[in-house]
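Numbering (my numbering), first residue to last: 638 to 720.
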């Protein structure tokens, strides 16, 4: 079994209300775990090797959608790593 360690040192979220930050953080972590636990999902990431920076595509978020925002950001991060 391969192990992936993902550190998010900095996550820039312009326009996110502080009241949504906790929900977004929890949803982001849960969605990253879900996406990376799918069989075969990590193969592309492992092949990409160590990366110092991942630039993901911009994500447009709806107001008050902390959970959906976390899921959207996680998907964008995983796609950015897999490139």
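Even for Gly, the Cβ is constructed at its ideal location relative to N, Cα and C.
Mind checking whether residue 699 and residue 708 have CB atoms under 8 angstroms apart?
The residue you call residue 699 lines up with position 62 of the chain shown. The residue you call residue 708 lines up with position 71 of the chain shown. It is not a contact, given that the beta carbons lie outside the stated cut-off.
Check: residue 666 C-beta below 7 angstroms from any heavy atom of the ligand NAP:
In terms of ligand content, the structure shown is empty, and the ligand NAP therefore cannot be addressed.
To the nearest angstrom, how far is the alpha carbon of residue 641 from that of residue 677?
Within the chain shown, the letter at position 4 stands for residue 641. Within the chain shown, the letter at position 40 stands for residue 677. For residue 641 and residue 677, the distance between alpha carbons rounds to 13 angstroms.
If you follow the alpha helix (DSSP H) that residue 657 is part of, which residue opens it and which one closes it?
Translated into positions along the chain shown, residue 657 becomes position 20. Counting along the chain, the alpha helix (DSSP H) containing residue 657 begins and ends at 655-674.
Alpha carbon to alpha carbon, what distance is there between residue 710 and residue 643?
What you label residue 643 is simply residue 6 of the chain shown in a count that begins at 1. What you label residue 710 is simply residue 73 of the chain shown in a count that begins at 1. Distance between the alpha carbons of residue 643 and residue 710: 14 angstroms.
In angstroms with no decimal places, state the Cα-to-Cα distance between residue 658 and residue 717.
Indexing the chain shown from 1 puts residue 658 at position 21. Indexing the chain shown from 1 puts residue 717 at position 80. Roughly 22 angstroms separates the two Cα atoms.
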